[in-house]
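Same order as they appear, the protein sequences are chains B and H.
Quick note: the first sequence uses our numbering, first residue 1, plus one each step.
Quick note: the second sequence uses our numbering, first residue 1001, plus one each step.
To keep things clear, I will list the structure first and then write my remarks on it.
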Amino acid sequence: NAGVTQTPKFRVLKTGQSMTLLCAQDMNHEYMYWYRQDPGMGLRLIHYSVGEGTTAKGEVPDGYNVSRLKKQNFLLGLESAAPSQTSVYFCASSYTDQRTIRYFGPGTRLLVL
Amino acid sequence: KNQVEQSPQSLIILEGKNCTLQCNYTVSPFSNLRWYKQDTGRGPVSLTIMTFSENTKSNGRYTATLDADTKQSSLHITASQLSDSASYICVVSAVNNNDMRFGAGTRLTVKP
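In structure tokens form, the structure reads like this:
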């Protein structure tokens, strides 16, 4: 039982490049989330999903897209990376809404030059 | 303005000492409050969760308190250990939606 896993762990991009971050969970959770964490700030919700095939915008969705084709996977895409997207990205999952999140994935550190 | 404010931003204590971290919030109407521990390079892990009717919750050497009237919470760590070195994040949820507001965290360093 791996819990919540994220790939890659670290990535460097040039401005304008694209990439996809993968989140996987093996707990059969319906809800999945993507957050970003920046220095001196609390985690902020980017997008979330309440079930396979569904996605919704969070607090800071601009510049990101997501897909939930399989229940266990939640993908976060950056179509044209910008330096402002340099951050640490965390994925989480839960049975119901955000209030039941017990732990987050290990994080993906992204540097956009 | 962040709806969840934590203090201090950082704290250094000696191993074996106690410490208390503070969280003030304005999120309303209140649903629950969680404290998470985030080790360096890892994702946050839940320590405690409290609803409106609870004013204290313990998890080993960690004890969280909640005063819903003053909208304040504290996390008390007893007999600190080197492994307690981490960031501690206060997260408050509202009732009428599943919105969660994260504090910026307190960075705790426990020195031998």
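Quick reminder that beta carbons are idealized off the backbone N, C-alpha and C, glycines included.
* Would you be able to state if there are at least three C-beta pairs under 8 Å between the stretch 64 to 76 of chain B and the stretch 18 to 28 of chain B? => Yes, they touch.
* Asked: For K57 (chain B), is the classification buried or exposed, using 16 other Cβ atoms within 10 angstroms of its Cβ as the cut-off for buried?
  -> Exposed is the call here.
* Does the beta-carbon of D1084 (chain H) have 16 or more other beta-carbons within 10 angstroms, so that it is buried, or is it exposed? -> D1084 (chain H) is buried by the Cβ-count criterion.
* Could you tell me which chain H residues have their CB closer than 7 Å to the CB of M41 (chain B), listed as they occur along the chain? => Those within 7 Å of M41 (chain B) in chain H are A1104.
* Starting from L1032 (chain H) and walking both ways along the beta strand (DSSP E), at which residues does that stretch end? -> The sequence shown places Asn at residue 1032 (chain H), rather than the Leu named in the question. Residues F1030 to Q1038.
* **Under 7 Å from the C-beta of M1100 (chain H): neighbouring residues of chain B** => Ordered by position in chain B, the residues that pass the 7 Å Cβ test against M1100 (chain H) are Q98 and R99.
* **Classification of Q1009 (chain H) by the beta-carbon crowding that lies within 10 angstroms, buried from 16 upward** => Residue environment for Q1009 (chain H): exposed (fewer than 16 other C-beta atoms within 10 angstroms of its C-beta).
* Is S1010 (chain H) helix, strand or coil by DSSP? -> Strand.
* Quick one: measure Cβ to Cβ for T1106 (chain H) and L1011 (chain H), integer angstroms, because I've assumed they're closer than 8 Å. => That belief holds up - the Cβ atoms of T1106 (chain H) and L1011 (chain H) are roughly 6 Å apart, short of 8 Å.
* Can the beta-carbon of V112 (chain B) be found closer than 7 Å to that of T86 (chain B)? -> Yes, they are a contact pair.
* Asked: So the beta strand (DSSP E) L1047 (chain H) belongs to, where does it begin and stop?
  -> Per DSSP, L1047 (chain H) belongs to the beta strand (DSSP E) from V1045 to T1051.
* Cβ of P106 (chain B) less than 7 Å from any chain H Cβ? -> At least one C-beta of chain H is nearer than 7 Å to the C-beta of P106 (chain B).
* To do: Kindly identify the DSSP beta-bridge partner or partners of V1004 (chain H).
  => Beta-bridge pairing by DSSP links V1004 (chain H) to H:Y1025.
* Spatial neighbours of V1110 (chain H) within its chain, please: CB distance less than 7 Å, with the 5 preceding and 5 following residues excluded, ordered by chain position. => By the criterion of a C-beta distance shorter than 7 Å, V1110 (chain H) is surrounded in its chain by I1013, E1015, S1080, Q1081, L1082, D1084 and S1085, once the five residues flanking it on both sides are discounted.
* Taking Cβ to Cβ, would you say V1092 (chain H) is nearer than 7 Å to Y1025 (chain H)? -> The criterion of a C-beta distance shorter than 7 Å is satisfied by V1092 (chain H) and Y1025 (chain H).
* Taking buried to mean at least 16 other C-beta atoms within 10 Å of its own C-beta, is F104 (chain B) buried or exposed? -> By the 10 Å Cβ count, F104 (chain B) comes out buried.
* Asked: Does the Cβ of A82 (chain B) have 16 or more other Cβ atoms within 10 Å, making it buried, or fewer, making it exposed?
  -> Exposed, since its Cβ has fewer than 16 Cβ neighbours within 10 Å.
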